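To start, the structure itself, in structure tokens.
2 protein chains.
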Amino acid sequence: MANGRPRILIVGGGYVGLYTALGLQKRLRRGEAEITLVNPESFMVYQPFLPEAASGNIEPRHVVVPLRTVLKRVRLITGHVTAVDHERRSATIEPTSGPPYELGYDVVVVAPGSVSRVLPVPGLAEHAVGFKSVAEAIYLRNQVLSRMDAAESTDDVGVRRRALTFVFVGGGYAGVEALAELEDLARDACRYYRTVRREDMRWVLVEAAAGILPEIGEGLGEYALERLRHRGIAVFLETRLESAEGGVMRLSNGEEFEA
Amino acid sequence: MANGRPRILIVGGGYVGLYTALGLQKRLRRGEAEITLVNPESFMVYQPFLPEAASGNIEPRHVVVPLRTVLKRVRLITGHVTAVDHERRSATIEPTSGPPYELGYDVVVVAPGSVSRVLPVPGLAEHAVGFKSVAEAIYLRNQVLSRMDAAESTDDVGVRRRALTFVFVGGGYAGVEALAELEDLARDACRYYRTVRREDMRWVLVEAAAGILPEIGEGLGEYALERLRHRGIAVFLETRLESAEGGVMRLSNGEEFEA
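This is the structure in structure tokens:
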């Protein structure tokens, strides 16, 4: 206790950390507790809207919540918690700049969130991009448009085909929504290009399981699958990406192409 | 001539290249000429508004003009023109992807624009950021706020002082406007921080000449200088940055500090 007030430490400012802090801030009377939140960034990313940010349907800045402005009664430390010694009620903070230090607490909430999982596929780490941050969303959008620019700027058939092939791995929410939003963006952008048509593009979704979108149940998953295929998207089920070395995609079903 | 129509090649899609293309597009009848514009990006950056984009007073996306959408009758190639053989009326294009190729023309307009000048100051290239692109504007904004975050997240006096010292080199439009807009942003942002006050920050402008803003004349330049100093900004005239190695700024007037 500091001055008789419990010190509450929240590790991580994602959805869970932010709502914990908001709830505490609302329920506690002024001066009843000291709340500290530690997060690598000064903002929280609302992940369900990331695909819309990638396609430009939502402004990227509207997908982030600036933590300081909503958590007025919380002390925000930007950095990492590298260790928690719960016996001593002390956490090790590594701030953005400067030496690490110890921070005492009475109550700790651990909500560190998740990071993109990179499957051990040869070449994937070098050629693929994750989808957890706003920077990645903006990168994906720019990447699709710059690949269309590249195709427009050359007559080389091989360069064009490779530039216009887009591969997504994983048929969960992130993969399917990102693909659907970006394909929509690209389809719409075609009207600004002289030589790039929807038919020139190849959109591919690779999923190891027998269906997509397990989160919404089998029936809806099948409906979504049918809609994707109806839109001309190649969906490979029960298929794994075996390697992506040098930008050459090798699938477990024998398919092989550049992207 | 291609099909009897003159082929016009515009090298560079900055202010000059864009307005040349817009003017031609407006004055020429459909089919009267073939206009091609080559630019590394598919957009033009309106540089006078960059400082406002850096401070967040203007949305970054409103500072760029998407070339394809405004130049509907122009062919846009994203890439570089690496050589112009005017005797043969042929330019070498290096597209974003794929091998270089030759492009014939009848008329060429060369408007390649400028790039940030990095003075040969030891350590400057490693520690400084230019100010010509939207990415640099956003980087500057994030850099100022993340330095304030860093100061808030530690009690180390040295780390705090260094994090809160901002140095600008060059008293022309770019340097003065960037400093003024960012200082304004930081001053305003202070209310979201518990430990960072305006008085804790040090803003420094270094200019080799005897005055600032030569573009607007001596009288207004002196007025601007007075306003900056009134706002607590340290302006060093007839002073050069001699080195920035390891983040330690050494000025020609003997001043030395970390930033």
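One line per chain: the protein sequences are A and B, in this order.
Whatever position you read off the first sequence (first residue = 1), add 1364 for this note's numbering.
Whatever position you read off the second sequence (first residue = 1), add 1364 for this note's numbering.
For every residue, glycine included, the Cβ atom is placed at its ideal position computed from N, Cα and C.
All of these numbers come straight from a predicted model, not from anything done at the bench.
Query	Result
Name the residues in the segment 1445-1463 of chain B whose C-beta lies less than 7 Å from a C-beta of chain A; which are they?	Pro1459, Thr1460, Ser1461, Gly1462 and Pro1463
Does the distance from the C-beta atom of B:Ala1553 to that of B:Leu1601 stay below 8 Å?	no
Around the C-beta of B:Leu1414, are 16 or more other C-beta atoms found within 10 angstroms, so that it is buried, or is it exposed?	buried
Given that a residue counts as buried once 16 or more other Cβ atoms are within 10 Å of its Cβ, and exposed if not, what is B:Ile1597?	buried
Would A:Asn1403 pass as a contact of A:Leu1431 if the rule is Cβ separation under 8 Å?	yes
What ranges does the beta strand (DSSP E) occupy inside the segment 1552-1599 of chain A, keeping only unbroken runs of at least 3 residues that lie completely in it?	1566-1570
Are the C-beta of B:Leu1386 and some C-beta of chain A separated by less than 8 Å?	no
By the DSSP assignment, the beta strand (DSSP E) with A:Asn1403 in it spans what residues?	Glu1398 to Asn1403
What residues of chain A sit near B:Ile1399, judged by a beta carbon separation below 8 Å?	Result: empty, since nearest Cβ-Cβ is about 12 Å, beyond 8 Å.
Using a Cβ-Cβ cutoff of less than 8 Å, which residues in the same chain neighbour B:Ala1397 once the five nearest sequence positions on both sides are dropped?	Arg1369, Pro1370, Arg1371, Ile1372 and Leu1388
Just the chain A side, please: which residues come within less than 8 Å of B:Thr1442 by C-beta, in chain order?	Ser1510, Asp1513, Ala1514, Glu1516 and Ser1517
What's the call for B:Asp1513, buried or exposed, on a 16-neighbour Cβ count within 10 Å?	buried
Verify the CB distance criterion: does A:Ser1406 have a CB-CB separation below 8 Å to chain B?	yes
Assuming A:Val1438 and A:Ile1502 form a contact by the criterion Cβ under 8 Å, report the distance between their Cβ atoms to the nearest whole angstrom.	Actually they are not in contact, since the Cβ atoms of A:Val1438 and A:Ile1502 sit about 28 Å apart, beyond 8 Å.
Given that A:Arg1439 touches chain B, what residues does it touch there, using C-beta distances under 8 Å?	Arg1558
Would you say B:Ala1527 faces chain A, with C-beta separation under 8 Å as the test?	yes
Between B:Pro1476 and B:Val1409, is the Cβ-Cβ spacing less than 8 Å?	no
Using DSSP with H/G/I as helix, E/B as strand and the rest coil, what is B:Gly1443?	strand
For A:Arg1371, write down the residues that DSSP places opposite it in a beta bridge.	A:Glu1398
If you measure between the beta carbons of A:Ala1542 and A:Ala1623, is that distance less than 8 Å?	no
When you compare only the Cα positions, how much space is there between A:Val1531 and A:Arg1505?	14 Å
Hey, does A:Val1523 have any beta-carbon neighbour from chain B nearer than 8 Å?	yes
Give the straight-line distance between the Cα atoms of B:Val1568 and B:Gln1411, rounded to the nearest whole angstrom.	23 Å
What first and last residue would you give for the beta strand (DSSP E) that runs through A:Ile1422?	First-last for A:Ile1422: undefined, no H or E at that position.
List the residues of chain B that A:Arg1432 touches, going by C-beta distances under 8 Å, in chain order.	Tyr1556 and Tyr1557
Kindly indicate which residue of B:Glu1590, B:Thr1559, B:Thr1603 and B:Gly1487 has the alpha-carbon position closest to the one of B:Gly1611.	B:Gly1487
Using the beta-carbon of each residue, which ones in chain B are nearer than 8 Å to A:Asp1520?	Gly1462 and Pro1463
Going by DSSP in three states, A:Thr1518 sits in which element: helix, strand or coil?	coil
Assuming contact is defined by CB atoms lying nearer than 8 Å, are A:Ser1461 and B:Thr1518 in contact in what I supplied?	yes
By Cβ distance below 8 Å, which residues in the same chain neighbour B:Leu1584 in space, the five residues on each side in sequence not counted?	Leu1577
So is B:Thr1433 buried or exposed if we call it buried at 16+ other beta carbons inside 10 Å?	exposed
Cα separation between A:Gly1494 and B:Val1493?	27 Å
Flag this pair as yes or no: are the beta carbons of B:Leu1401 and B:Gly1377 separated by less than 8 Å?	yes
Consult DSSP for A:Gly1381 and reduce its assignment to one of helix, strand or coil.	helix
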